[in-house]
Amino acid sequence: MITPPIRLKRTALAWLLASAALPTFAQIPFSPGGASSTAAQAGGATAGGIDVAQIKPAVDAAVNAEYGQLDLLYKDIHAHPELAFQETRTAATLAEQMRKIGFDVTEHVGKTGVVAVYRNGAGPTILVRTELDALPMEEKTGLPYASHVHTKWRGEDVGVAHSCGHDVHMASWVGTAKTLVSLKDRWHGTLVFVAQPAEETVTGAQSMIDDGFFKRFPKPDYAFALHTGPGPYGSIVFNSGPITSNSDGLEITFKGRGGHGSAPDKTIDPVMMAARFVVDLQSVISREKDPQEFGVVSIGAIQGGSAENIIPDSVLLRGTIRSYKPAVRQKMLDGIRRTAKAVTEMSGAPDADIKITEGGKAVNNDPTVVARTEAMFKTAFGNDRVLRVPPITASEDFSAFVDAGIPSMFFFIGVNDPQTFFASLKPGAKPLPTNHSPLFAPVPEPSIKTGVTAMSLAVLNALQWNKASGQ
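Using the working numbering, the letters of the sequence shown correspond one by one to residues 131 to 601.
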């Protein structure tokens, strides 16, 4: 069944962020099941890469043969999520899988990370990354394999759930390794498969690098990573250049003088300061930042006080600062400090304690890698399934590998039933749960198959490129 034509740019953005409607762009059909007609009729080699018509049937056969085991792996990982730098069971599971495939495996890289290397003669070295960690939140999907895990996080008892899709990434990662090794007579080179801890805290990639990743393992010529999104399964989206935003962590402690709620004049109220700061800070975004440039400060946690009739001594705010450009980032940092200073001076309070933690930088996709991979993807999957999108506002520390000088590509795969997805775009329709929602529930098949097929083809394609010329 062919769905009605869709608005490309609106659908692409909704795919990632469930955005509001945007101006009309070219309309294209999307075939929700099986290979698109465009792909089925296409063939031949992409420039400097693989012959898709010749290799894709072998990839499809390998993926279909191994899918049953990948589905079991996915559901096991989903039911046993672990938080950042606590991913001991998850890491051990992936390490065991990779050893069975024939990789040389090193564990405990950057605390809980895993690096698996497969050498198959002279040729390019390709890095493929997955994440290990889950989120500190209660799953509410009601799935038979839903997580019921609880643990301690920042001193609190929290649920743990794979609500960002890292379980899909891991199953796709293992499936890609299996597929490539099963086709080892068709390529030469070295595979470096990285299972990275602590992506959600944007610290895991740097932790692996600090642990000697580039000294201990072969230096990659190219790198790839994928991520799930709430779009229709079978679709692949990406951007050339920036695809994610810079992200910084923000912690501000307002210090006052506590006392009884019946005598606020005897206190310096940090709750009032925190509330004023949260509101006043938005003037930096709406009145000082160029409205055409992306930048946002979001306060996600406020901690202070223990009883309704006690004004506390201090209040802690936690949030994030996101941008694409360094100049916008600096403007927001300056505005945060200036706003906090004004708030404390108005209350006659000491200066606030401000802690800015530099997090993930924007992931920048290499234009040449994107152009060559995009051409191959369109041949393999069809033009209607392969879309370019503007950068998203979320952050991702795959950038640590990219910024080390590795030409790279980070792309997204859809994980929702196409009919459900398109229905959610209609006016007044209930939006689909997105990543980080407790209701986020990827459809395993064919989402995982798409992940394995797309990543396997991307790697096979890059293994044909000439390192000296980038072709």
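Every residue, glycine too, gets a C-beta built ideally from N, C-alpha and C. Just so it is clear, the structure is predicted and the values come from calculations on it, not from any experiment.
How many Å lie between residue i and residue j at the Cα?
{"i": "I231", "j": "D297", "result": "19 Å"}
{"i": "H318", "j": "F570", "result": "39 Å"}
{"i": "R219", "j": "L593", "result": "32 Å"}
{"i": "Q227", "j": "L517", "result": "32 Å"}
{"i": "A183", "j": "K349", "result": "31 Å"}
{"i": "T509", "j": "L411", "result": "48 Å"}
{"i": "G178", "j": "A505", "result": "11 Å"}
{"i": "K556", "j": "V545", "result": "19 Å"}
{"i": "A325", "j": "T223", "result": "11 Å"}
{"i": "G81", "j": "V500", "result": "No answer is possible for residue 81: it lies beyond the span of the chain, which begins at 131 and ends at 601."}
{"i": "E526", "j": "A195", "result": "32 Å"}
{"i": "T450", "j": "G490", "result": "11 Å"}
{"i": "V239", "j": "G334", "result": "10 Å"}
{"i": "F531", "j": "W283", "result": "27 Å"}
{"i": "L265", "j": "D287", "result": "13 Å"}
{"i": "S293", "j": "H299", "result": "12 Å"}
{"i": "P576", "j": "A192", "result": "14 Å"}
{"i": "V443", "j": "V427", "result": "Note on residue identity: the sequence assigns Asp, not Val, to residue 443. The alpha-carbon atoms of D443 and V427 are separated by roughly 25 Å."}
{"i": "S554", "j": "V311", "result": "39 Å"}
{"i": "K396", "j": "I441", "result": "10 Å"}
{"i": "R406", "j": "K345", "result": "49 Å"}
{"i": "P480", "j": "I339", "result": "39 Å"}
{"i": "G163", "j": "D190", "result": "The predicted model places G163 with a pLDDT of 42, which falls under 50 and marks its position as unreliable; any figure quoted below should be read in that light. Each residue's alpha carbon lies about 15 Å from the other."}
{"i": "R316", "j": "N591", "result": "11 Å"}
{"i": "V414", "j": "I207", "result": "42 Å"}
{"i": "Q433", "j": "G295", "result": "29 Å"}
{"i": "Y275", "j": "G198", "result": "15 Å"}
{"i": "G389", "j": "D547", "result": "55 Å"}
{"i": "W595", "j": "P537", "result": "12 Å"}
{"i": "E468", "j": "I484", "result": "Residue 468 is actually Arg in this sequence, not Glu. In a straight line, the C-alpha of R468 is about 11 Å away from that of I484."}
{"i": "V279", "j": "E217", "result": "13 Å"}
Quick test of your reading: residue i and residue j, contact by CB under 8 Å. State the CB separation rounded to the nearest angstrom.
{"i": "E212", "j": "A225", "result": "Not quite, the Cβ-Cβ distance comes to about 14 Å (not below 8 Å), so this is no contact."}
{"i": "Y248", "j": "L321", "result": "4 Å"}
{"i": "R448", "j": "A437", "result": "Not confirmed; about 22 Å, so no contact."}
{"i": "P572", "j": "T358", "result": "6 Å"}
{"i": "S586", "j": "T309", "result": "4 Å"}
{"i": "N513", "j": "S370", "result": "16 Å between Cβ atoms; not a contact."}
{"i": "F323", "j": "F233", "result": "7 Å"}
{"i": "S477", "j": "I398", "result": "6 Å"}
Could you tell me if residue i is buried or exposed, where buried requires 16 or more neighbouring beta carbons within 10 angstroms of its beta carbon?
{"i": "I578", "result": "buried"}
{"i": "I305", "result": "Per the sequence shown, the amino acid found at residue 305 is Gly instead of Ile. G305 comes out buried."}
{"i": "P153", "result": "Confidence at P153 is low in this model, with a pLDDT of 24, below 50, so its placement is unreliable and the value that follows should be read with caution. It counts as exposed."}
{"i": "D181", "result": "exposed"}
{"i": "Q549", "result": "exposed"}
{"i": "I466", "result": "buried"}
{"i": "D263", "result": "buried"}
{"i": "R259", "result": "buried"}
{"i": "P421", "result": "exposed"}
{"i": "G84", "result": "Residue 84 lies beyond the residue range present for the chain, which begins at 131 and ends at 601; the question has no answer from this structure."}
{"i": "L273", "result": "exposed"}
{"i": "A404", "result": "buried"}
{"i": "G581", "result": "buried"}
{"i": "N439", "result": "exposed"}
{"i": "P187", "result": "exposed"}
{"i": "S453", "result": "buried"}
{"i": "L202", "result": "exposed"}
{"i": "A252", "result": "exposed"}
{"i": "A482", "result": "buried"}
{"i": "V235", "result": "buried"}
{"i": "A559", "result": "exposed"}
Measuring CB to CB, does residue i end up less than 7 Å from residue j?
{"i": "P394", "j": "V445", "result": "no"}
{"i": "F528", "j": "V493", "result": "yes"}
{"i": "T503", "j": "A588", "result": "yes"}
{"i": "K111", "j": "K419", "result": "Outside the modelled stretch of the chain, which goes from 131 to 601, sits residue 111, for which no answer is possible."}
{"i": "T612", "j": "I522", "result": "Residue 612 lies beyond the residue range present for the chain, which begins at 131 and ends at 601; the question has no answer from this structure."}
{"i": "S277", "j": "A209", "result": "yes"}
{"i": "E423", "j": "V458", "result": "yes"}
{"i": "G289", "j": "E268", "result": "yes"}
{"i": "A291", "j": "F215", "result": "no"}
{"i": "P360", "j": "T498", "result": "no"}
{"i": "Y204", "j": "P574", "result": "yes"}
{"i": "P362", "j": "F551", "result": "yes"}
{"i": "I429", "j": "V409", "result": "no"}
Is the beta carbon of residue i within less than 6 Å of some heavy atom of the ligand HEM?
{"i": "M476", "result": "In the structure shown, the ligand HEM is absent, as is every other ligand, since no ligand is present at all."}
For chain B, check one thing: does any of its Cβ atoms lie closer than 7 Å to the Cβ of residue i?
{"i": "P520", "result": "Any reference to chain B falls outside this structure, which holds one protein chain only."}
Could you tell me whether the region 373 to 391 touches the region 333 to 353, using the rule of 3 or more Cβ pairs below 8 Å?
-> no
Taking 8 Å as the threshold, find out whether the region 468 to 485 comes into contact with the region 380 to 393 through three or more Cβ pairs.
-> yes
Cβ contact (3+ pairs, closer than 8 Å) linking the region 363 to 373 and the region 243 to 258 | no
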